[in-house]
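To keep things clear, I will list the structure first and then write my remarks on it.
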Amino acid sequence: MALDRWVSFVILCAALAYGYAAFFTMDASLPPFMQRNPIWPSTFPKVLAVLTVLTSLAILLGLEKSQETEKEPEIDYRRLGDYHLGQALTLLGLMVAYALLLRPAGFLFATFAFLSCGAFTLGERKFHVLLPVAALASFVVWYLVDEVLGIFLRPWPFFA
């Protein structure tokens, strides 16, 4: 089986577990006044789980590939060292660091640092463009979530 199908299978297993949690365990602890709402906290996870299962099944069954071309897969799992594996692992490490720093460092700094370091890892070197865009994106997302949606996000570090 090709590498893309193995990855799709792993994502399918994770999506099925996530979907089980979204459909069967998340709604059990809702208070009675929220059970009458048309949209529950589990609505988005349910939609996300269903779309992920459908997409990974399409890849697993090969429905996204055209039948007229029978060429080798673009990713050769025997030559993974030839790809930008360092960039991918660095981005995964940045995601973990972002999740761990989100509360102690504050949303604005953690998001700004993640966007800046991630863009630098992917090859962006125009810092006069990169830094203002990362700062503006961090602020706009914080403003929309905190002020417009009314969901509190700690913008500054815990000591500020």
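Just so you know, we're using full-length UniProt numbering here: the sequence shown kicks off at 1 and counts up by one.
Ideal Cβ positions, reconstructed from N, Cα and C, are used throughout, including at glycine.
- When DSSP states are grouped into helix, strand and coil, Pro-38 belongs to the coil group.
- In the DSSP assignment, Leu-102 falls within the unbroken alpha helix (DSSP H) covering 85 to 105.
- Ranked by Cα distance from Ala-21, the options Ser-116, Pro-45 and Arg-5 are led by Pro-45.
- When rounded, the separation of the alpha-carbon atoms in Met-95 and Phe-114 is 7 angstroms.
- Within the model, the alpha-carbon separation for Val-7 versus Val-50 is close to 17 angstroms.
- Residue nearest to Pro-41 within the set Met-26, Leu-48, Thr-55 and Phe-33 is Met-26 (criterion: CA-CA distance).
- Short of 7 angstroms from the beta carbon of Leu-91, and not among the five residues preceding or following it, lie these beta carbons of its own chain, in chain order: Gly-118 and Thr-121.
- Distance check between Leu-61 and each of Asp-4, Arg-79 and Asp-82 places Asp-4 closest, using alpha-carbon atoms only.
- For Met-34, same chain residues with a beta-carbon under 7 angstroms away, outside a window of 5 residues either side, are Trp-40 in chain order.
- In the structure shown, Glu-64 falls within a coil segment according to DSSP collapsed to helix, strand and coil.
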